[in-house]
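Step one of this worksheet: look at the structure below.
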Amino acid sequence: MSHHLELFWIMLRAALLSTTGTGNLPIVHQDLLSRGWATDRQFAEALAIGQISPGPTGLWVISLAYFVGGLPGAALTLIAIALPPLLVLVLVHGLYRRFGHHPATQGFVRGLALAVAGVFVVVLTRIMNTAGWNSTNLMITLGAIVLGATRRVPVFAVLAVAAIVGIALF
Amino acid sequence: MIGAQSFGGGSATLYWIRRETVERHGWLTDDDFSRYWGICQIAPGINILALVSLIGWRLAGASGALLSVGGLLLPSAGITVGLTSIYAGIRDVPVVRAAIAGVVPATVGLGLLLAFSMVRPLLKSAQSDGHASTLVAVILLLVSTIAALARAPVIAILWSAGAVSAVARWQFAPRQRSPR
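If you read the protein sequences in the order shown, they are chains A and B. First residue of the first sequence: 102, per the working numbering; consecutive thereafter. First residue of the second sequence: 5, per the working numbering; consecutive thereafter.
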């Protein structure tokens, strides 16, 4: 049970310090891996499931929490990600009107987002470490980038093609 | 209330919410919607949830906000848990293992694309503030990547990047002339 509460706290803290659905990934990644509760492979699996399932992409943590703590873990994480966005109401009715256009506020958000992107790339390279940097994997990665960059192919289709390639090759 | 659920990820959900609240029901004007969405960019957590709670609040107060967030989250979270538990049951079947071996590198590719699409507008807005801001942005990006490679605590990386950028923007941002 104390594990579950700790999981809740990790998820809440990460959600509070992110401004997008995947902005919490770097923090969650470090916190869970350092405790040995999740693996890079599980992160990759959870991200893939989050892409396939409906609703905001930020729901990938629900999938990860299910791997880590079963149904109770997923339920607590659901609460942890539902609470921070409600703070926007406080923001609008006070802080935003006063400080929203201050250069320092906008600067902080920009710096935060830049750092998230930098750490995010490092997390991706760690996931790739466990999968292996062989030419087959790199070709699949490249293929996904090309297909995704066209913005014409839905994410679901990209992952389906990758799955078929996987079945054919591995 | 808004029993919002949609298939196909974040931008599809946003599109759907806009169509329902602005175009079909006329609960919000175009202007309101853009302003709300702007505020949600700096709100903590998932932006779409923040947007939905704002719209819910505006239409029906606190209960509206709670119902809208719940209405958006519960169905899609339920499906996510369902998919995950199905997957957990079949992950060791050889065919599934092979499929996942293909999906993982693709996830990395899509993730890189996501990181790129996060960085591009940030660098663009830094550019419009001038060369000094652009330089700060690029340095922040590089330093945070190196710090992450060195396994520095992520929270520390994020807060310091935010702090440095806040001070820099304050100093370098083009001043708006206040009328005297």
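Ideal Cβ placement from N, Cα and C applies to all residues, glycine included.
In three-state terms, what does DSSP make of Gly271(A)? Just to set this straight, residue 271(A) is Phe in the shown sequence, not Gly. Phe271(A) falls in the coil class under three-state DSSP.
Short of 7 Å Cβ to Cβ, which residues in the stretch 142–155 of chain B face chain A? Leu144, Leu145, Ser148, Thr149, Ala152, Leu153
Got a sec: which bits of the stretch 43–62 of chain B sit with their beta carbon under 9 Å from any beta carbon on chain A, in order along the chain? Ile43, Cys44, Gln45, Ile46, Ala47, Pro48, Gly49, Ile50, Asn51, Ile52, Leu53, Ala54, Leu55, Val56, Ser57, Leu58, Trp61
Can you find a CB in chain B that lies within less than 8 Å of the CB of Phe271(A)? By this cut-off, Phe271(A) is an interface position.
Could you give the DSSP three-state label for Gly97(B): helix, strand or coil? Looking at the sequence itself, residue 97(B) is Val, so the reference to Gly does not match. Note: Val97(B) maps to coil in three-state DSSP.
Using a Cβ-Cβ cutoff of less than 6 Å, which residues in the same chain neighbour Ala172(B) once the five nearest sequence positions on both sides are dropped? Val140
Pro155(A) to Leu144(B) span [Cα, whole Å]: A straight line joining the alpha-carbon of Pro155(A) with that of Leu144(B) spans about 34 Å.
At a CB-CB cut-off below 8 Å, which residues of chain B make contact with Val169(A)? At a beta-carbon threshold of 8 Å, none of the residues of chain B lie near Val169(A); the nearest stands roughly 11 Å away.
Counted within 10 angstroms of its Cβ, other Cβ atoms place Val247(A) as buried (16 or more) or exposed: exposed
Euclidean distance between Cα positions of Leu192(A) and Val259(A): 38 Å
Closer than 7 Å by beta-carbon distance: list the chain A residues that pair up with Trp174(B), in chain order. Pro204, Ala205, Gly208
Would you tell me roughly how many angstroms separate the C-alpha atoms of Pro186(A) and Val168(B), rounded to the nearest one? 25 Å
Nearest chain B C-beta to Ala258(A) closer than 8 Å, yes or no? no
Which bits of chain B does Ser236(A) rub up against, with CB to CB less than 7 Å? Simply none; closest approach about 11 Å.
Using the Cα positions of Lys128(B) and Pro204(A), report the straight-line distance between them to the nearest angstrom. Rounded to whole angstroms, Lys128(B) to Pro204(A) spans 16 Å at the Cα level.
So, does the CB of Ile159(B) fall closer than 8 Å to a CB anywhere in chain A? The beta carbon of Ile159(B) falls within 8 Å of a beta carbon belonging to chain A, placing the residue at that interface.
Does Met5(B) have its Cβ less than 8 Å from a Cβ in chain A? Summary for Met5(B): the model assigns pLDDT 47, below 50, so the residue's position carries little reliability; its value from the coordinates is reported in the next sentence. Met5(B) does not count as touching chain A.
Using a Cβ-Cβ cutoff of 9 Å, what residues of the stretch 64–95 of chain B are near chain A? List them in chain order. Within the stretch 64–95 of chain B, the qualifying residues are Ala66, Ala69, Leu70, Val73, Gly74, Leu76, Leu77, Leu78, Pro79, Ser80, Ala81, Ile83, Thr84, Val85, Gly86, Leu87, Thr88, Ser89, Tyr91, Ala92, Arg95.
Cβ neighbours of Ile228(A) in the same chain (closer than 7 Å, five flanking residues each side left out): Asp141, Phe144, Ala145
Classify Leu146(B): buried if its beta carbon has 16 or more other beta carbons within 10 angstroms, exposed otherwise. exposed
Quick one: using the 10 Å Cβ neighbour count with 16 as the cut-off for buried, is Ala263(A) buried or exposed? Buried is the call here.
C-beta atoms of Leu77(B) and Leu53(B) nearer than 8 Å: Contact flag set, yes.
By the criterion of Cβ-Cβ separation under 7 Å, what are the contact partners of Ala145(A) in chain B? What Ala145(A) touches in chain B, judged by beta-carbon distance under 7 Å, is Val108, Thr111, going in chain order.
In angstroms with no decimal places, state the Cα-to-Cα distance between Ile241(A) and Gly159(A). Taking the straight line from one Cα to the other gives about 24 Å.
Taking the alpha carbon of Ala154(B) as the point to measure from, which residue in Phe257(A), Arg253(A), Gly219(A) has its own alpha carbon closest? Cα-wise, what sits closest to Ala154(B) is Gly219(A).
Supposed contact pair Ala170(B) and Thr89(A) - C-beta distance, whole angstroms, cut 8 Å: Past the boundaries of the shown model lies residue 89(A); chain A is included only from 102 to 271, so the question cannot be answered.
Partners in chain B for Gly137(A), counting only beta-carbon separations shorter than 7 Å: Ordered by position in chain B, no residue passes the 7 Å Cβ test against Gly137(A), which lies about 15 Å from the chain.
Would you mind telling me which residues of chain B sit closer than 8 Å to Thr121(A), beta carbon to beta carbon, in chain order? Ile50, Asn51, Met122
Return the chain-ordered list of same chain residues with a C-beta closer than 8 Å to the C-beta of Pro157(B), the five sequence neighbours on each side being excluded. none
Any Cβ of chain A within less than 8 Å of the Cβ of Ile21(B)? no
Given that a residue counts as buried once 16 or more other Cβ atoms are within 10 Å of its Cβ, and exposed if not, what is Ile94(B)? exposed
For chain B, find out if any of its Cβ atoms is closer than 8 Å to the Cβ of Arg211(A); answer yes or no. Using a CB distance cut-off of 8 Å, Arg211(A) counts as an interface residue toward chain B.
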